[in-house]
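Asker: Before we start, here is the structure in question, set down as structure tokens.
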Amino acid sequence: MILPLEFYQRDTKKVARELLGKILVHKLPNGKRLAGRIVETEAYLGVIDLAAHSYGGLRTERTSTMFMAGGHIYVYLIYGLHSCLNVVTQKMGVPEAVLIRAVEPTEGVDEMKKRRPKARKEIDLTSGPGKLCAAFGISRKHNALLLTDGEVFIEDAPPLKRSQIVASARIGVEYAEHAAEWPLRFSERANPYVSKPQPSDG
DNA sequence: TTCCCGATTTACT
DNA sequence: GTAAATCGGGAAA
Numbered sequence: 000m001i002l003p004l005e006f007y008q009r010d011t012k013k014v015a016r017e018l019l020g021k022i023l024v025h026k027l028p029n030g031k032r033l034a035g036r037i038v039e040t041e042a043y044l045g046v047i048d049l050a051a052h053s054y055g056g057l058r059t060e061r062t063s064t065m066f067m068a069g070g071h072i073y074v075y076l077i078y079g080l081h082s083c084l085n086v087v088t089q090k091m092g093v094p095e096a097v098l099i100r101a102v103e104p105t106e107g108v109d110e111m112k113k114r115r116p117k118a119r120k121e122i123d124l125t126s127g128p129g130k131l132c133a134a135f136g137i138s139r140k141h142n143a144l145l146l147t148d149g150e151v152f153i154e155d156a157p158p159l160k161r162s163q164i165v166a167s168a169r170i171g172v173e174y175a176e177h178a179a180e181w182p183l184r185f186s187e188r189a190n191p192y193v194s195k196p197q198p199s200d201g
């Protein structure tokens, strides 16, 4: 079952935690499915979050996607090189989102390997936000698509036990002063597909 | 128009 | 461990 929009139009931290274990799918034009189990996410709390693109309510062409209703996807280019996939949360006008940082491949591994020629080991295919976008063939072309339109979507799966979820500080946001320490990174305990650095307990 | 720098990955010392 | 790659967004001018 594809997760309904209501799943996303809720508290962002809750969505970030509950996305762990769910199945991210990209259905290619030829019908082939690329899929993976989400094992790492980060919450971005919009207006109050110095690490978020939408901090302070900043609304530009790029960030306008974050202001859309929960259930849209927000894809942006980072460092001029890599795409990052987020799912927008909350109601329209509240610019919050969850960054999908890592998945564990479940379908279409051979196809992912073709798209990630530099990955030497299977563990490197999707263990990072830029890596998984490359493996799944997701780019800014997909920005602002809806997760219920059947191209890029997320399927339901049993939730993780609370003891299997680790909360830690987010990656790459050291510049964000006090917000940098907020425990908004969520990952599955001891899953090898979680990106580096591995989270310390929190 | 110019300038600075980033929600990263990879190669190399 | 450190640094290069690479370019568009956002702010300043």
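First residue of the first sequence? That's 0 in numbering that gives the first Met the number 0, and the numbers climb one at a time after it.
Even for Gly, the Cβ is constructed at its ideal location relative to N, Cα and C.
#1: Does DSSP classify P104 as helix, strand or coil?
#2: For K13 and L98, I'd like the C-alpha separation in whole angstroms.
#3: Does the segment 42 to 51 come into contact with the segment 105 to 124, if we say contact requires no fewer than three beta-carbon pairs (one atom in each stretch) closer than 8 Å?
#4: How many angstroms separate the CA atom of P191 from the CA atom of Y75?
#5: Pick helix, strand or coil for V46, following the three-state DSSP scheme.
#6: Would you kindly check if the distance between the Cβ of Q8 and the Cβ of K232 is under 7 Å?
#7: Expressed to the nearest angstrom, what Euclidean distance is found between the alpha-carbon atoms of V108 and R161?
#8: Is the beta carbon of E39 less than 7 Å from the beta carbon of V193?
#9: Which partner residues does S167 have in the DSSP bridge list?
#10: Go ahead and pull the three-state DSSP assignment for I204.
#11: Pairing CB atoms from the segment 176 to 189 with CB atoms from the segment 56 to 65, are three or more of them under 8 Å?
#12: Taking the continuous beta strand (DSSP E) assigned at Y73, which residues delimit it?
#13: Roughly how many angstroms lie between the CA atoms of T62 and G149, to the nearest whole one?
#14: Return helix, strand or coil for T40, following the three-state DSSP convention.
Answerer: In terms of the structure at hand:
#1: strand
#2: 13 Å
#3: no
#4: So the alpha carbons of these two residues sit roughly 26 Å apart.
#5: helix
#6: A question about residue 232 goes unanswered here, because the residues of the chain that appear run from 0 up to 201.
#7: When only Cα atoms are considered, V108 and R161 end up about 29 Å apart.
#8: yes
#9: Beta-bridge partners of S167 (DSSP): R184.
#10: Outside the modelled stretch of the chain, which goes from 0 to 201, sits residue 204, for which no answer is possible.
#11: no
#12: I72 to I77
#13: Within the model, the alpha-carbon separation for T62 versus G149 is close to 24 Å.
#14: strand
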